[in-house]
Every structure is written in structure tokens, then in C-alpha cells.
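So the protein lines, in turn, are chains A and B. Numbering follows the numbering used here, in which position 104 of the first sequence is assigned residue number 111; successive positions increment by one, without gaps. Numbering follows the numbering used here, in which position 155 of the second sequence is assigned residue number 162; successive positions increment by one, without gaps. Notes follow the structure.
Protein chains: 2
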Amino acid sequence: MKFRVTDLEELERRISALAEFVVEKIEDDVYFNHPCRNFAETDEALRIRRDSDGVTLTYKGSKIDPETKTRDEVKLKIDDFEKMKEILTKLGFRVSGRVVKKRRIYRDDEVTICIDWLEGLGNFVEIEIESEDVEGAKKKIFEYTEMLGLEREKSIRKSYLEMILDVADNNGEG
Amino acid sequence: MKFRVTDLEELERRISALAEFVVEKIEDDVYFNHPCRNFAETDEALRIRRDSDGVTLTYKGSKIDPETKTRDEVKLKIDDFEKMKEILTKLGFRVSGRVVKKRRIYRDDEVTICIDWLEGLGNFVEIEIESEDVEGAKKKIFEYTEMLGLEREKSIRKSYLEMILDVADNNGEG
Numbered sequence: 008m009k010f011r012v013t014d015l016e017e018l019e020r021r022i023s024a025l026a027e028f029v030v031e032k033i034e035d036d037v038y039f040n041h042p043c044r045n046f047a048e049t050d051e052a053l054r055i056r057r058d059s060d061g062v063t064l065t066y067k068g069s070k071i072d073p074e075t076k077t078r079d080e081v082k083l084k085i086d087d088f089e090k091m092k093e094i095l096t097k098l099g100f101r102v103s104g105r106v107v108k109k110r111r112i113y114r115d116d117e118v119t120i121c122i123d124w125l126e127g128l129g130n131f132v133e134i135e136i137e138s139e140d141v142e143g144a145k146k147k148i149f150e151y152t153e154m155l156g157l158e159r160e161k162s163i164r165k166s167y168l169e170m171i172l173d174v175a176d177n178n179g180e181g
Numbered sequence: 008m009k010f011r012v013t014d015l016e017e018l019e020r021r022i023s024a025l026a027e028f029v030v031e032k033i034e035d036d037v038y039f040n041h042p043c044r045n046f047a048e049t050d051e052a053l054r055i056r057r058d059s060d061g062v063t064l065t066y067k068g069s070k071i072d073p074e075t076k077t078r079d080e081v082k083l084k085i086d087d088f089e090k091m092k093e094i095l096t097k098l099g100f101r102v103s104g105r106v107v108k109k110r111r112i113y114r115d116d117e118v119t120i121c122i123d124w125l126e127g128l129g130n131f132v133e134i135e136i137e138s139e140d141v142e143g144a145k146k147k148i149f150e151y152t153e154m155l156g157l158e159r160e161k162s163i164r165k166s167y168l169e170m171i172l173d174v175a176d177n178n179g180e181g
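Right, here's the structure in full:
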């Protein structure tokens, strides 16, 4: 689940009491659209991420839960950003956008809490669980939402990519 | 360039005089077809290879020289065969075939000579140069062809995948 952050200091105080700080890093993501499917319609995503851990290729399936953004996700480490991009381009995939964010990661067991800052969009908090047990994970995320004082009904379903493309559209750049 | 091997012993004797033996390994290749392009028609290929060096993703463009099988090729190391296969499958790519071969690799500077053995197909020799200088590489390959006593007009343009699919077709399995 993702929320806009209103009081960053208070939120970080609450997170620090619940979870352990892991790392702060820059994540530089490039998203691709499919040669013969419109990911904006199918609600899928294909991404190459570069950060301090290396390069990762990630596929995200369409959301299977409306509130929590639960999705199928497959990711693997790859050796080279440019070569992966070149292969995808030769296969007809097209860059649909780029998302660069500063991310502070906290962890409590299987729960990952990220405080993200994106230029032009501001601060957000994401609560994530990687699990096969969708219902259990959902319940746990709701518990954390409450403990952090976040209002479930204010959760944001849009991806950062969609938010960035919205801003570009509104500025007449899209 | 690729040739069928008639006298393996004599050929290996000649290769050993020209190039240095590097390694013998099993290469296990899975090929994919595109979700909205027929690679058999566009003469492209997308492959995940597993061998003793790890896992590699390779894209091959269509042949740009009729005789030498010269192609654009982009490859990168990846972390996990099954996850790459899963991502490709979710993107609509379909397995078109599998090629397993025993390969003995020899090298002389930028020239790579491989003696391949494939079950049901027999022994082959491949001479390969990775280079931006297509004409120079072509000339060099012809020199090696001659030194190894191979007849240029007997070079095989078909890929191992095509040869395997041909055999399957003839056996009524295709």
C-alpha cells in the first residue's frame, strides 16, 4: 500500500519504533511497454532497475487486489542495464517512462516499509510484503497502516510511473 | 560459418595446430518465439543458455551476410534461468525448441573454433569471430576455412534449432 506523506518527521519516528532501518539508496527505474499489448490497459509492468545493489529486471502482473495493489512479481538480477535495454528494444519493447526516487528502506521481518522522495511529486510511504499468502499479507499490511497512523481510504493505487506521466500530461509534455 | 564434420580426428589435429584448446562443456539452450512476430520468418532468435559459465540471455538479429551467417548479437549474463523463462512466458514469448550440445572450444586471438556434438545430428565445426569489422572478419573466417580443409560451398546456413525441428518434422513429431 502506498500513501502520501504529510508529516515526514512524525512518520519516521513511528516507523523507527516498529522497524529497523536498512539502507538509503537511489533507485533509477526504466519502464517498457509491450510490442503488441498496451501495459497501461493490461495493468502489467516491465522494468529495469539500477541501484546500489546492481541491475534487476522485474515483471509485474496486473493487480489482483483493488485496495492493496497485490500483484504477481518476478524479478532477477542481470549483468548489464544497457544490453538488457538493447535486447528489449530489438524485441519491439518501447521505453514508456523513467522513475528516479530516493528511497529509505526499513524492515520488520517480512514487512518492508519504504519512504520515497520523488522530484516533483514529494514524499510517499510504501508498505510491502512479499508472500504467497495474499490474505495473511493483506491483514498484516492493514495492521501496519494503522500503527503508522495512515488512513486506509487514502491509499494511492497509482504507480509512480502513472503519477509522473499524469504530471507530464498536465504540463502538456505527454 | 558452420560445417558438418566428416573426419573428426583429422579436423581436431588441424585445429590443434592453429588454435588453443579452451574448454569442453555442455550448452543447454532454450529458444523462444516472439508473441507477435514469427522469428522463423524474421530470422531472429532469442535464447537462454545454461552452461558451466552460468546463464546467458542472447538476442540474434537476422543474418546480414548470406554465406557467413553474420548477425547482430546482444548477450548478457543473468542470474536465474527459471525466472527469465517465467518473465518471457508472462510477456507472451513461447518456447520454440531446445538445443543441447557438447562443445569443445578452441581459440586463436579473436577467432573461436567450436567442435559440436548434437544427439541425432552428429558432429559439426563452427568458426566464429565477434567483430564490428564485418568484411575483415569474413576474410579471416575464409582463411581459417581453407586452413582447416573445409569447403566454403558446403557451409551450413541452418541453425541447430532449425535442424532439430526439421528432424522432428520428418519423424512426424513437429
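Ideal Cβ placement from N, Cα and C applies to all residues, glycine included.
The beta-carbon of residue 151 of chain A is placed no less than 8 Å from the nearest beta-carbon of chain B. The beta-carbon separation of residue 141 of chain B and residue 77 of chain B, rounded to 6 Å, stays under the 8 Å limit for a contact. Contact annotation for residue 113 of chain B against chain A: no contact, minimum CB-CB distance about 26 Å [criterion: below 7 Å]. If you compare the alpha carbons of B:47, B:87, B:146 and B:118 with that of residue 104 of chain B, the shortest gap goes to B:47. Here residue 11 of chain A is not near residue 35 of chain A, since their CB atoms are 8 Å or more apart. Nearest CB-CB separation between residue 68 of chain B and chain A: below the 8 Å threshold. Listed in chain order, the non-local C-beta contacts of residue 162 of chain B below 7 Å within the same chain comprise 8, 9, 10 and 74, local neighbours out to five positions each way being set aside. DSSP links residue 98 of chain A through a beta bridge to no other residue. For residue 20 of chain B, the three-state secondary structure derived from DSSP is helix. The bridge partners DSSP lists for residue 130 of chain A are A:124. Within the model, the alpha-carbon separation for residue 21 of chain A versus residue 126 of chain A is close to 24 Å. When the alpha-carbon of residue 108 of chain A is set against those of A:41, A:168 and A:19, the nearest one is in A:168. The Cβ atoms of residue 37 of chain B and residue 102 of chain B sit closer than 8 Å to each other.
Against chain A, a Cβ distance below 8 Å from residue 86 of chain B picks out 83, 84 and 85. Around the C-beta of residue 23 of chain A, fewer than 16 other C-beta atoms lie within 10 Å, and the residue is accordingly described as exposed.
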